[in-house]
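Under my numbering, think of the first position of the sequence shown as 164, with each following residue one higher. So the structure is just underneath, and the comments pick up after that.
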Amino acid sequence: MTKIKKEKSHYRILSLDGGGVRSIIETVLLKKIIEVFPTFLDNVDLITGASAGGILALELASGKTNEEASEFFKKIVPDIFHKSWYHEFTSLDSAIAPAYTNEKLKEVLQTQFGDMTLKDLPKKILIPAFQLDNHSSSVPEMPDSEKIDADEEYCDEEDQDFEIIPNPHHRKNADGPVTHHRRWAPRFFHNLQSSKTNEHLCVDVALRTSAAPTYFPIYQGFVDGGVYANNPSLCAVTSAISSGIGIENIVVLSLSTGRDGKFVSPDQYGAGNWGLAQWAPTLINMLLDSNVEITDFQCAQLLGTRYHRVDPLLTQNIDLDQPKFIPLLEEIANAVDLTLTFEWVEKFWFKKGDHIRPIFTPTTSPSYTSPILRPRVPKSSQDDDDEEGDNITDTNKENMNASIEVDTTIVTTTSAKSGNDTIDSTTTTTTTSTYTYRSCSIQ
């Protein structure tokens, strides 16, 4: 009897870091990927995101295009991160209250999602948030009959409203069930198989995962998922495994909101005798950055080359509430060389039956300094002699020889003195690099 080898089926996860306004970087990176692989998002099996990345994930999972999600972000960010003089005065510049209210954010999320729940989303999604009290009954979806008395012993097996992140190896009673003392706890909200959270409103989930401490109010007893999973890749991997996906089938594309290279030098910490005053400005950033870095390391160890991360270096420190830097963030993202990412996507993202297999042919050495991508498709394409012609679908024949041009503009300013006057002259040089690709089916 001949043994038939079963083909592995990739389970494709798109992971989006948190980062406030810096999530604009993720939308630009996705735009560049989609320009080369138009069906990229169609082939996602699970989208995960934390904080602002969680809102972007919900947008994409609801069927919005990346372009629509990007425009949504750019439109709402200035309104969300706006302080009235009254709020700034009464919060003592966020010393005794969050820097911003969540009223405007809730309003725009309502217009986007309405009464949509996680189970209504056409794509699978996983969103982390952090619950401040695991005995809390502040979430409105929980029926009164299911509310937990603060004095009662709490058992995870009774919790039907939140997805538990269990640890079966400790805190066991002699009687058997795993019980957890009252505490704060990480939570996942998703619509995967056997989900306990798929009835939750998308608006509520978005407000929970984006309730960044000191920036926005606590929402329904939850704060920002980024406090423990600002890079939620590993959360998605373990949840996929729990739902029955083999780890050998999982591939992850992880997009960051940029790293700014923060550090504390020996000159700064001196003898090392820091107290609260010295640690306060540094600690939150250190904790967020470290959980992103360790998740990156762990996913790379678990998945090897099936894990790929795009992590642009920022040219300056940009806080999550600074909309004025949106143009700079777009420029930084546009300047990222995605050659290796394109190669990874082609190798790992698509499987038999999927469409779009790009074949790159750079005509010049490409430069990635402030590029502007313009996809161009010829009006007619005929290549009857193509050796792969038998594999090309009728739909894709029209788009066989699509091309992308990367324009690089360099502006040089020189000064010269003429008597007492200084004369400035500007020279602009533009170079163009062209990539062409053919569209076909993966056979």
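Built from N, CA and C at the ideal position, the CB exists for glycine as well. Owing to the predicted nature of the structure, the values given are computational and were not obtained by experimental measurement.
The beta carbon of I404 sits closer than 7 Å to those of I410, all from its chain and outside the five residues before and after it, given in chain order. Between I290 and G226, the CB-CB gap reaches or exceeds 8 Å.
Inclusion of S233 and V415 in the CB contact set at 8 Å is not warranted, their separation being larger than that value.
Secondary structure note for P349: its beta strand (DSSP E) is the uninterrupted segment 348-353. Residue pairing for F385: DSSP places it in a beta bridge opposite Q294, Y382. When C-alpha distances from P349 are compared across T468, G389, A498, the shortest belongs to G389.
Taking C-beta atoms under 8 Å as the contact rule, V400 and F203 fail to qualify, at a distance of about 20 Å.
Burial is judged here by how many other beta carbons sit within 10 angstroms of a residue's own beta carbon; Q464 has fewer than 16 and is exposed. Look at V207 here: in three-state DSSP terms it is coil, with no helix or strand label. Taking 8 Å as the cut-off, the beta carbon of I197 is found no closer than this to the beta carbon of L501. When C-alpha distances from R185 are compared across H173, Y174, G216, the shortest belongs to G216. Judged by their CB atoms, D482 and A262 are not nearer to each other than the 8 Å cut-off. Taking a contact to require three or more Cβ pairs closer than 8 Å, the region 486-503 and the region 449-459 do not qualify as touching. The beta carbons of I187 and I489 sit about 6 Å from each other, so the pair counts as a contact at 8 Å. C-alpha of A434 to C-alpha of F379: approximately 35 Å in a straight line. By the criterion of a C-beta distance shorter than 8 Å, N229 is surrounded in its chain by T190, L193, K194, I197, L204, L223, once the five residues flanking it on both sides are discounted. In chain order, N412, K514 place their CB closer than 8 Å to the CB of S172, counting only its own chain and leaving out the 5 sequence neighbours on each side. Shortest Cα-Cα distance from P444 to any of I218, K425, P429 involves K425. Between the C-alpha atoms of V240 and P285 there is a straight-line separation of about 26 Å. Straight-line spacing of the CA atoms in D296 and L219 works out to 27 Å. Taking the C-beta atoms as reference points, V366 is found no nearer than 8 Å to S419.
In this structure R346 is exposed. Its beta-carbon is surrounded by fewer than 16 other beta-carbon atoms within 10 angstroms. Taking the Cα of Q273 as reference, the smallest distance to any Cα among G181, I408, L364, F236 is reached at L364. Taking 8 Å as the cut-off, the Cβ atoms of A369 and L466 do not count as close. Inclusion of I408 and Y174 in the CB contact set at 8 Å is warranted, their separation being smaller than that value. Straight-line measurement puts the Cα of R422 at about 9 Å from the Cα of N480.
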